[in-house]
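Report on the following structure.
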Amino acid sequence: KRPHLAKKKVLFHQDNAWVHTCPAPMAKFNEFRYELLPHPTYSPDLAPCDYFLFPNLKKSFGGKRFTTREQLIAETEAYLEGLDKSYYSDGLKKLENRWIELKGDYVEK
Numbered sequence: 001k002r003p004h005l006a007k008k009k010v011l012f013h014q015d016n017a018w019v020h021t022c023p024a025p026m027a028k029f030n031e032f033r034y035e036l037l038p039h040p041t042y043s044p045d046l047a048p049c050d051y052f053l054f055p056n057l058k059k060s061f062g063g064k065r066f067t068t069r070e071q072l073i074a075e076t077e078a079y080l081e082g083l084d085k086s087y088y089s090d091g092l093k094k095l096e097n098r099w100i101e102l103k104g105d106y107v108e109k
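For the sequence shown, the UniProt record's numbering begins at 1 and goes up steadily by one.
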């Protein structure tokens, strides 16, 4: 469905939730030849999508209503495809700095 990704190596980061690691999704990751990035157990501070991607996606959906799953998927894809590559690298850099500032903790004290 996404031919532009066919020749690129795709790194995929996820938490260790069972729904993500059970056989069905793992088979798809292998089929798509995604390289899974390891995620340590019980490390909520290491979920970059929860830190910078999903909050902004949620803001972009503010006030919108989707009547079909397809509408939601199309809007999500349009949002993600509209982001510059620097958005991801900048977001990860900010997260890295946050980890350093919090000395590995995920809660500010």
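From the three backbone atoms N, C-alpha and C, an ideal C-beta is built for every residue, glycine too.
Requested in this report: Check residue 92 in the structure and name its three-state DSSP category.
Outcome: Your numbering for residue 92 matches position 92 in the sequence shown. DSSP places residue 92 within a helical segment (H, G or I) once states are collapsed to three.
Query raised in the report: Where does residue 66 fall in DSSP's three states?
Result: Looking up residue 66 in the sequence shown gives position 66. Coil, per DSSP.
Query raised in the report: If you check the beta carbons only, do residue 51 and residue 91 fall under 9 Å apart?
Result: Stepping through the sequence shown from its first residue, residue 51 is reached at position 51. Stepping through the sequence shown from its first residue, residue 91 is reached at position 91. Yes, the Cβ-Cβ distance between residue 51 and residue 91 is below 9 Å.
Report task. Using only alpha-carbon positions, find the residue among 57, 22, 27, 17 that is nearest to residue 73. Result -> Numbered from 1 along the sequence shown, position 73 holds the residue referred to as residue 73. With distances taken between Cα atoms, residue 73 lies closest to 57.
Query raised in the report: For residue 12, which beta-bridge partners are listed by DSSP?
Result: For the purposes of this step, residue 12 is identified with residue 12 of the sequence shown, where counting begins at 1. DSSP output for residue 12 lists 36 as bridge partner(s).
**Report entry** Residue interval of the alpha helix (DSSP H) (run including residue 102)
**Finding:** Numbered from 1 along the sequence shown, position 102 holds the residue referred to as residue 102. For residue 102, there is no enclosing alpha helix (DSSP H), as DSSP gives it neither H nor E.
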